[in-house]
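> Mapping to our numbering: the sequence shown position 354 is 354, numbers consecutive. Below: one structure in structure tokens.
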Amino acid sequence: METLQKVKQDGLQMAKDYVDEVYEKVIKQNPNENEFLQCVKEIFDSLVPVFTKHPHYMDNSILERIVEPERMVTFRVSWVDDHGKVQVNRGFRIQYNSAIGPYKGGLRFHPSVNTSIIKFLGFEQIFKNSLTGLPIGGGKGGSDFDPKGKSDGEIMRFTQSFMTELYRHIGPDIDVPAGDIGVGAREIGFLFGQYKRIRGNYEAGVLTGKNPRYGGSLARKEATGYGTVYFVEEMLKDKGLSFEGSTVVVSGSGNVAIYAMEKAAQLGAKVVACSDSNGFVYDQNGINLETIKRLKEIERKRISEYVKIHPTAEYYEGCTGIWSIPCDIALPCATQNEIDETAANLLVSNGVKAIGEGANMPCTLEAIDVFLKNDVLFAPAKAANAGGVAVSALEMSQNSMRLSWSFEEVDAKLHQIMENIYRNCVQAAEEYGYPGNLVVGANIAGFIKVADAMIAQGVI
Ligand code: GLU
């Protein structure tokens with residue numbers, strides 16, 4: 001009995017040493033890439049119980065391999081602004097892992113984009129895509145281009161120049177980009193047009209998030225936000241809770257936030273706040289979604305305009321204050337690291353019951369600790385926001401079959417996928433000794449499928 005205990009302890013120690021050793025190497029090789037290191041740390045720490053139970057992953061050097069991108073390109077994007085001046089931005093595409101399918105992941109256009117951000121998003125995408133259960137590998141890309149305040153013409157010239165380099169790296173069976181922050185249907189349209197022009201070939205499946213008029217999937221626009229709410233709904237249901245009658249705070253007012261608000265409201269919640277990169281609005285009567293959609297999707301205006309139309313609502317400059325609003329459910333749908341330890345403590349002291357990460361890595365490691373220690377239900381991004389990329393994969397299927405499914409059909413599939421992801425995360429967490437910890441569950445469930453595929457394909 002004692003010996004068995006000892007063997008187990010030795011196994012655990014070996015797994016911990018292995019993870020620490022590889023992590024130290026990652027720190028050395030990627031100095032100052034804080035977002036990347038943060039995301040690697042979270043995933044690596046979760047995998048200790050897997051290596052303890054299945055040491056063959058260590059023998060196959062699986063961590064060293066999975067953390068190293070298959071390739072990453074950076075490129076110059078020159079374009080001419082409305083004043084006739086030549087502007088230069090940096091473009092990126094990371095092709096992180098193709099063990100289970102072609103690289104798949106969005107493009108982010110935002111001034112904060114750099115190597116660290118692209119690598120964190122790409123690494124995260126491997127596990128997220130695996131969780132969907134669909135055959136898609138992990139990739140990501142983008143540029144430090146700032147779309148804010150740019151004219152349609154500038155956006156078009158920039159995206160065409162971006163695609164003039166990107167086209168040689170992508171293809172429907174190679175790498176399939178989509179949108180992310182700053183890249184929506186308009187940008188995907190310009191990118192697709194330029195790709196088609198260069199290739200002289202109508203390859204619908206080369207990009208997803210297209211307008212349904214030319215090969216986009218119905219419900220793709222709604223998918224990430226709806227999916228996050230479907231996931232959280234499952235998590236609440238297990239505890240006898242629901243969205244019905246709850247107060248919800250959603251950060252952001254982009255694609256993810258808008259449709260998370262819509263679905264939460266459809267399920268009977270009152271969404272009282274949302275934000276953009278300048279500030280947030282608090283509307284105790286419940287946010288009027290039609291106004292938000294008009295301001296953000298059509299007029300491309302700042303959220304501060306909301307209070308001009310709804311004078312009883314309040315607008316506050318700055319983004320972090322949104323987490324001081326008392327709520328039952330918080331859905332961070334804006335960007336990485338928007339909830340830190342202080343914000344997490346504030347949410348907890350105001351009685352929050354559940355967090356659903358709609359954005360990628362919106363909570364810092366310290367914030368996640370606060371939630372887990374206080375028994376707040378926590379839906380981690382790579383599981384909770386996988387609905388977007390899942391419907392992207394369904395868009396690829398429809399493109400391959402040259403047909404399109406109805407909104408209801410896609411939405412029903414999305415719902416089923418989110419339920420499956422939730423169940424798989426719960427099960428993995430339980431199986432590896434962390435019942436109820438969906439952070440660990442998501443990382444393990446996402447990892448095993450990719451790791452097994454990599455091993456099955458030899459030393460690649
Ligand atoms: N950018 C989204 C994500 O973070 C969607 C990617 C896609 O549809 O390929 O998952």
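From the three backbone atoms N, C-alpha and C, an ideal C-beta is built for every residue, glycine too.
#1: Taking the Cβ atom as the reference point for each residue, do isoleucine 322 and phenylalanine 378 lie within a distance shorter than 7 Å?
#2: So proline 49 is in the alpha helix (DSSP H); what residue range does that whole segment cover?
#3: Give me the Cα-Cα distance between leucine 394 and glutamate 70, rounded to the nearest whole angstrom.
#4: Is the separation between the beta-carbon of glycine 388 and that of alanine 185 shorter than 7 Å?
#5: With H, G and I counted as helix, E and B as strand and the rest as coil, what does DSSP make of threonine 132?
#6: How many angstroms separate the CA atom of serine 61 from the CA atom of glutamate 24?
#7: Roughly how many angstroms lie between the CA atoms of isoleucine 117 and phenylalanine 36, to the nearest whole one?
#8: If you check the beta carbons only, do valine 352 and alanine 384 fall under 7 Å apart?
#9: Would the beta-carbon of glycine 462 be found less than 6 Å away from any heavy atom of the ligand GLU?
#10: Could you give the distance in angstroms between the alpha-carbon of glutamine 427 and the alpha-carbon of proline 435?
#11: Under a Cβ-count criterion, where at least 16 other Cβ atoms within 10 Å of its own Cβ denotes burial, should serine 98 be classed as buried or exposed?
#12: Quick test of the definition: if touching needs 3 or more C-beta pairs under 8 Å, does the stretch 337-352 touch the stretch 369-376?
#13: Hey, could you find the ends of the alpha helix (DSSP H) phenylalanine 371 is sitting in?
#14: How far does the beta strand (DSSP E) with valine 250 in it reach, from first residue to last?
#15: Locate the alpha helix (DSSP H) running through alanine 343, then write down its first and last residues.
#16: May I have the straight-line CA-CA distance separating proline 111 from leucine 414, to the nearest angstrom?
#17: Using the Cα positions of arginine 220 and lysine 28, report the straight-line distance between them to the nearest angstrom.
#18: Could one say the Cβ of alanine 15 lies closer than 7 Å to chain B's Cβ atoms, at least one of them?
#19: Any chance the CB of aspartate 173 is under 6 Å from a heavy atom of the ligand GLU?
#20: Could you give the DSSP three-state label for leucine 207: helix, strand or coil?
Based on what the coordinates show:
#1: Your numbering for residue 322 matches position 322 in the sequence shown. Your numbering for residue 378 matches position 378 in the sequence shown. Cβ atoms of isoleucine 322 and phenylalanine 378: not closer than 7 Å.
#2: Translated into the one-based positions of the sequence shown, residue 49 becomes position 49. Unbroken alpha helix (DSSP H) run through proline 49: 48-53.
#3: In the sequence shown, the residue the question calls residue 394 occupies position 394. In the sequence shown, the residue the question calls residue 70 occupies position 70. Between leucine 394 and glutamate 70, the C-alpha separation is close to 25 Å.
#4: Translated into positions along the sequence shown, residue 388 becomes position 388. Translated into positions along the sequence shown, residue 185 becomes position 185. In this structure, alanine 185 does not lie closer than 7 Å to glycine 388 by Cβ.
#5: Residue mapping note: residue 132 aligns to position 132 of the sequence shown, counting from 1. Of the three classes helix, strand and coil, the one that applies to threonine 132 here is coil, per DSSP.
#6: Along the sequence shown, one-based indexing puts residue 61 at 61. Along the sequence shown, one-based indexing puts residue 24 at 24. C-alpha separation (whole angstroms): 15 Å.
#7: The residue given as residue 117 occupies position 117 in the sequence shown. The residue given as residue 36 occupies position 36 in the sequence shown. Computed Cα separation, rounded: 6 Å.
#8: Taking the first residue of the sequence shown as 1, we reach residue 352 at position 352. Taking the first residue of the sequence shown as 1, we reach residue 384 at position 384. Not closer than 7 Å, so no.
#9: Since the displayed the chain opens at 1 and closes at 460, residue 462 lies outside it and no answer follows.
#10: For the purposes of this step, residue 427 is identified with residue 427 of the sequence shown, where counting begins at 1. For the purposes of this step, residue 435 is identified with residue 435 of the sequence shown, where counting begins at 1. If you take the alpha carbons of glutamine 427 and proline 435, they lie about 8 Å apart.
#11: Position 98 of the sequence shown, counted from the first residue, corresponds to residue 98. That one is buried.
#12: yes
#13: Position 371 of the sequence shown holds residue 371. 365-373 is the span of the alpha helix (DSSP H), which, as asked, contains phenylalanine 371.
#14: Sequence index remark: in the sequence shown, residue 250 carries index 250 (1-based). That run of the beta strand (DSSP E) goes 247-251.
#15: On the sequence shown, residue 343 is found 343 positions in, with the first residue counted as 1. Per DSSP, alanine 343 belongs to the alpha helix (DSSP H) from 341-349.
#16: Within the sequence shown, residue 111 is the residue found at index 111, counting from 1. Within the sequence shown, residue 414 is the residue found at index 414, counting from 1. Those two C-alpha atoms are separated by around 32 Å.
#17: Residue numbering aside, residue 220 sits at position 220 when the sequence shown is read from its first letter. Residue numbering aside, residue 28 sits at position 28 when the sequence shown is read from its first letter. Cα to Cα, the separation comes out at about 39 Å.
#18: No chain B is present in this structure, which holds just one protein chain.
#19: Indexing the sequence shown from 1 puts residue 173 at position 173. Outside the cutoff, so no.
#20: Here residue 207 refers to the residue found at position 207 of the sequence shown. Coil.
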